[in-house]
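Undergrad: Sharing a structure with you now.
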Amino acid sequence: MSYFNRPDRRDLIPPPSPLYMNVCHWPWGLEISPRCCVLLLGKMVVSADTIRTAVGIMGNATALVLFFSPAPTFCRIWKSRSVEQFPATPYLATLLNCMMWVLYGLPMVHPHSTLVLTINGSGLVIELIYVLVFLGCSHGDQRLRVLLVLLLEIAFVGAVGALILTLVHSHERRSLIAGVLCVIFGAAMYAAPLAAMRQVIRTRSVEFMPLPLSLASFVNGLCWTTYATIRFDLFITIPNGLGVAFAVAQLALHAVYHGSTARQKKGGRREAEIGLVKPNGRSLEEEVAKGIRVESGVISVEETNKSSMGTNKNLEV
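The opening residue of the sequence shown carries number 1 in UniProt numbering; numbering runs sequentially from there.
The structure is reproduced here in structure tokens:
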């Protein structure tokens, strides 16, 4: 008889632990009680901060795509040494927005904003390169205007940063002032493509509103809006929510005018081919010099009577 089975020792038998009662039989001979399952699942539950960080990393990745999406446009500008009809407004607005968010993400202004600081610091460098390329390939008054706006932006952000860091002495108030300015300029950055949207409606062509830029704006705004709503941040929610709305409008314009843009490009190639090949083998300059007008692909000779009269006069002389 066991020591604990003796009648005078049964009170010493420890009660069965609830942790091991009602054992669940799992495959491969594994036996886990329901309470153990709850404890294990509790360890696997992802906290809101972890989800927020993951979404923020996704936002950083999509923001990098957004920053690099105009690269083909600026390669085209650099090769042609001309800005054509591309506006500088979106890139100047994005540069100002990045500078303001870098100020907001500084540890002495808004601590624990590493994701905000890193992505906007990268965007600042990229957008500055774009603006410098635009300056190098623009001419006359346009170059002067872009340079003036760039200098004003740098002076403004420098003045705001100096005032906040010297006159305001608490993180809360510094974050409030910088956050309000970030909301204003973030909304301006997302509203800057309105000029391109107006041009699309006027010309019925989306050639100068690249689709990758619109798609990247939509995904980036969606990620950062989600990031801000998990642990609510009003200063991040407002501009990125507006960014989602403007990006949806741009995608709608692409859906409406994409077909007309393709037709315009096809028509331009056809006109170029017609201009290069003439029935009489002469160039267009020679045709114009000899008073020949081309209308709807039919060549007509004008003033033949005048030329014949001039010939008769020469014969009479």
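The C-beta atom is built at its ideal place from N, Cα and C for all residues, glycine as well. What you are looking at is a predicted structure, and each value in this text was computed from that prediction instead of being measured.
Measure the alpha-carbon distance for A178 versus M99 and round it to whole angstroms.
TA: Looking up residue 178 in the sequence shown gives position 178. Looking up residue 99 in the sequence shown gives position 99. So the alpha carbons of these two residues sit roughly 11 angstroms apart.
Undergrad: If you follow the alpha helix (DSSP H) that M100 is part of, which residue opens it and which one closes it?
TA: Translated into positions along the sequence shown, residue 100 becomes position 100. Taken as a continuous stretch (DSSP letters only), the alpha helix (DSSP H) holding M100 covers 89-105.
Undergrad: Terminal residues of the continuous alpha helix (DSSP H) containing F67?
TA: As a first step, residue 67 is located in the sequence shown; it is residue number 67 there, counting from the start. Counting along the chain, the alpha helix (DSSP H) containing F67 begins and ends at 48-68.
Undergrad: Which residues in the same chain as V83 place their Cβ atom closer than 8 angstroms to its Cβ, once the five residues preceding and following it in sequence are excluded?
TA: Position 83 of the sequence shown, counting from 1, holds the residue named residue 83. Cβ neighbours of V83 beyond the five flanking positions: I77, F134, C137, S138, Q142.
Undergrad: Whole angstroms are fine: how far does the CA of R202 sit from the CA of T53?
TA: On the sequence shown, residue 53 is found 53 positions in, with the first residue counted as 1. On the sequence shown, residue 202 is found 202 positions in, with the first residue counted as 1. Cα to Cα, the separation comes out at about 42 angstroms.
Undergrad: Rounded to whole angstroms, what's the CA-CA distance from T89 to A191? Just pull it up for me.
TA: Position 89 of the sequence shown holds residue 89. Position 191 of the sequence shown holds residue 191. About 10 angstroms.
Undergrad: Measure the C-alpha to C-alpha separation of Q199 and G186 and round it to an integer number of angstroms.
TA: On the sequence shown, residue 199 is found 199 positions in, with the first residue counted as 1. On the sequence shown, residue 186 is found 186 positions in, with the first residue counted as 1. When rounded, the distance between both Cα atoms is 22 angstroms.
Undergrad: Within the same chain, show all residues whose beta-carbon is closer than 6 angstroms to that of V219, passing over the 5 residues directly before and after it, in chain order.
TA: By one-based count along the sequence shown, residue 219 stands at place 219. Closer than 6 angstroms at the Cβ level, and outside the excluded window around V219, lie T62.
Undergrad: At which residues does the alpha helix (DSSP H) containing H171 begin and terminate?
TA: On the sequence shown, position 171 is the one that residue 171 refers to. 171-191 is the extent of the alpha helix (DSSP H) around H171.
Undergrad: For E127, which three-state DSSP category applies?
TA: Taking the sequence shown and counting its residues from 1, the one referred to as residue 127 is at position 127. Here E127 sits in helix by DSSP.
Undergrad: Between L64 and S113, is the Cβ-Cβ spacing less than 8 angstroms?
TA: Within the sequence shown, residue 64 is the residue found at index 64, counting from 1. Within the sequence shown, residue 113 is the residue found at index 113, counting from 1. For L64 and S113, no; Cβs fall outside 8 angstroms.
Undergrad: Where do the N-terminal and C-terminal ends of the alpha helix (DSSP H) with S138 fall, by residue?
TA: To locate residue 138, count along the sequence shown from 1; it is residue 138. First-last for S138: undefined, no H or E at that position.
Undergrad: I need the boundaries of the alpha helix (DSSP H) containing S82, first residue and last residue.
TA: Counting from 1 along the sequence shown, the entry for residue 82 is found at position 82. Note, S82: premise wrong, no alpha helix (DSSP H); not H, not E.
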